[in-house]
Each structure stands twice: as C-alpha cells, then as structure tokens.
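Numbering-wise (the numbering used here), the sequence shown opens with residue 28 and increments by one. From the three backbone atoms N, C-alpha and C, an ideal C-beta is built for every residue, glycine too. Written below as structure tokens is the structure these notes are about.
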Amino acid sequence: MKRARHLKLRYGITIEQYEQMLASQRGGCAICGSFPGGKRLAVDHCHVTGRVRALLCPQCNRSIGYYEFIRERAESYMRRYGKGNPLLQYDSGAQQ
Numbered sequence: 028m029k030r031a032r033h034l035k036l037r038y039g040i041t042i043e044q045y046e047q048m049l050a051s052q053r054g055g056c057a058i059c060g061s062f063p064g065g066k067r068l069a070v071d072h073c074h075v076t077g078r079v080r081a082l083l084c085p086q087c088n089r090s091i092g093y094y095e096f097i098r099e100r101a102e103s104y105m106r107r108y109g110k111g112n113p114l115l116q117y118d119s120g121a122q123q
C-alpha cells in the first residue's frame with residue numbers, strides 16, 4: 028500500500044502500470060538491461076515535465092540524472108574535443 032501511494036503521488040502511475048512497464052522491459056533496466064538483484068527498478072522521469080520515461084537500475088538512474096544536469100556542457104565539450112584537442116598534433120600512426 029505504501030509503494031502504491033508513493034508511485035501515485037510522486038509519478039502519477041499505479042502499481043499495475045509499474046508492473047506493465049516492468050514486463051515490457053522484460054524485468055530489466057531500459058538502458059543497460061541489467062536486473063538489479065532484489066532491488067526495484069527506479070522510475071525515471073523528466074524533471075521538467077514530470078512525465079515518466081522508463082524503469083532504470085540504480086546505476087543508470089544516477090547516471091542519467093547526472094547527464095541531464097551537465098548535458099549541454101557535455102555536448103559542447105564533445106563537439107569541441109570529441110576527435111582530440113585541436114591544439115595538439117597527432118601522428119597518423121598513433122592511436123587516438
């Protein structure tokens with residue numbers, strides 16, 4: 028009952044909807060596919076709209092939350108440095 032109340036108040040979903048999502052994900056995390064061994068998968072949701080996205084293992088849930096926090100800066104970084112620092116010269120035979 029406590030879990031049902033939490034899901035409804037926090038995410039606007041029922042236990043049945045959670046179970047349906049879990050079954051559609053074959054019991055695993057929507058990102059890495061792992062099964063968290065005795066722990067429930069977290070309800071991932073958009074912090075702007077509140078819309079529920081999927082169920083995630085604890086590691087992926089933390090990672091996606093952190094990524095959302097730094098996304099614009101991370102994407103800018105990858106555009107600038109994704110192929111290596113433009114100030115450095117790379118030997119054509121060297122691994123990059």
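Query	Result
Please report how far the alpha carbon of Tyr-108 lies from the alpha carbon of Cys-87, in whole angstroms.	25 Å
What first and last residue would you give for the beta strand (DSSP E) that runs through Ala-57?	Per DSSP, Ala-57 belongs to no beta strand (DSSP E) and is neither H nor E.
Taking 8 Å as the cut-off, does the region 46-58 touch the region 68-88 (at least 3 CB pairs, one atom from each stretch)?	yes
Is the distance from the Cβ of Leu-38 to the Cβ of His-72 below 7 Å?	The sequence shown places Tyr at residue 38, rather than the Leu named in the question. It is a contact, given that the beta carbons lie within the stated cut-off.
Judging by CA-CA distance, which residue of Pro-63, Arg-67 and Glu-99 is the nearest neighbour of Tyr-45?	Arg-67
If you run the structure through DSSP and keep just helix, strand and coil, what is Arg-89?	helix
Between the beta-carbon of Met-48 and the beta-carbon of Leu-82, is there less than 7 Å?	yes
Quick check on the burial criterion: 16 or more other C-beta atoms within 10 angstroms. Buried or exposed for Ala-50?	exposed
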